[in-house]
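Below is one structure, written out as structure tokens, with a few remarks after it.
In the UniProt record's numbering, the protein residues as written are 1 to 152.
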């Protein structure tokens, strides 16, 4: 397996798995809108997306993760938000997520980030165990809130 940073040339490969990720979390598929969303993020360099590919196949995607930059006013440093991560069903239990997260962690270090943040559903114990095994700690100091702005 190899990890590579996504470019616009990867949109056709990435979009179907991104749609499955959205469906996993209960969102409607919207493949055209999903592709446009990803294209905009990549074109504007608003996110970093890593792809996990088999060593011998450029046409198959094992998984992906997408990170967004943020900043900490208290530490005066960059923070990376691991916003999306998904592994294809037939690639699970092969340490794909671990490889993606370790690559993201290296990028965070290379950009002098103070930390990475991740959220997952409270019932997603597999993801929680994966994050903890890599060194993420549950935040017990701060409670997070969400302010809905639109109905979507």
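All C-beta atoms in this analysis are idealised placements derived from N, C-alpha and C, irrespective of residue type, glycine included. All figures in this text were calculated on a predicted structure; none of them were measured in a lab.
- Judged by their CB atoms, residue 52 and residue 8 are not nearer to each other than the 8 Å cut-off.
- Below 8 Å, too few C-beta pairs join the region 74-83 and the region 34-46 to call them touching: fewer than three.
- Note on residue 33: under 16 other CB atoms within 10 angstroms of its CB, so exposed under the neighbour-count rule.
- Taking each of 63, 18, 68 and 81 in turn and checking the Cα distance to residue 95, the smallest one comes out for 63.
- For residue 136, the closest alpha carbon among the candidates 36, 114 and 37 is that of 114.
- When rounded, the separation of the alpha-carbon atoms in residue 110 and residue 19 is 30 Å.
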